[in-house]
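What the sequence shown shows, in the UniProt record's numbering, is residues 1 to 64, in sequence order. Idealized CB from N, CA, C, for every residue including glycine.
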Amino acid sequence: SGSLVHSEIRPGEVESTLHAYQAEHGIDLLVMGAYGHSRIRQFLIGSTTTTMLRTSTVPLLLLR
1 SGSLVHSEIR PGEVESTLHA YQAEHGIDLL VMGAYGHSRI RQFLIGSTTT TMLRTSTVPL
61 LLLR
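Structure (structure tokens):
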């Protein structure tokens with residue numbers, strides 16, 4: 001299909017690491033999986049997806 005896939009493991013907080021990787025590689029679309037958590041868990045722990053929605057400078061495609 002002409003798509004190049006690359007994977008990498010990096011240490012650090014998920015959100016800031018994703019933002020740094022996106023900026024370093026000129027990525028213009030982030031694709032993330034999204035699934036529901038209980039409201040209590042989300043309140044206490046938060047959600048990577050929610051944080052990325054709030055802070056991303058590029059469009060997000062969420063898959064459920």
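Outcome for residue i when other beta-carbon atoms lying within 10 angstroms are tallied against a minimum of 16
i, result
"Leu4", "exposed"
"Leu63", "exposed"
Distance CB(residue i)-CB(residue j) smaller than 9 Å
i, j, result
"Thr48", "Met32", "yes"
"Thr55", "His25", "no"
"Met52", "Glu13", "no"
Tell me the start and end of each unbroken beta strand (DSSP E) in the UniProt domain "UspA" (5-64) that is at least 3 residues and wholly inside, in chain order.
For secondary structure counted as the beta strand (DSSP E) over 3 or more consecutive residues, the UniProt domain "UspA" (5-64) holds these complete runs in sequence order: 30-33, 60-63.
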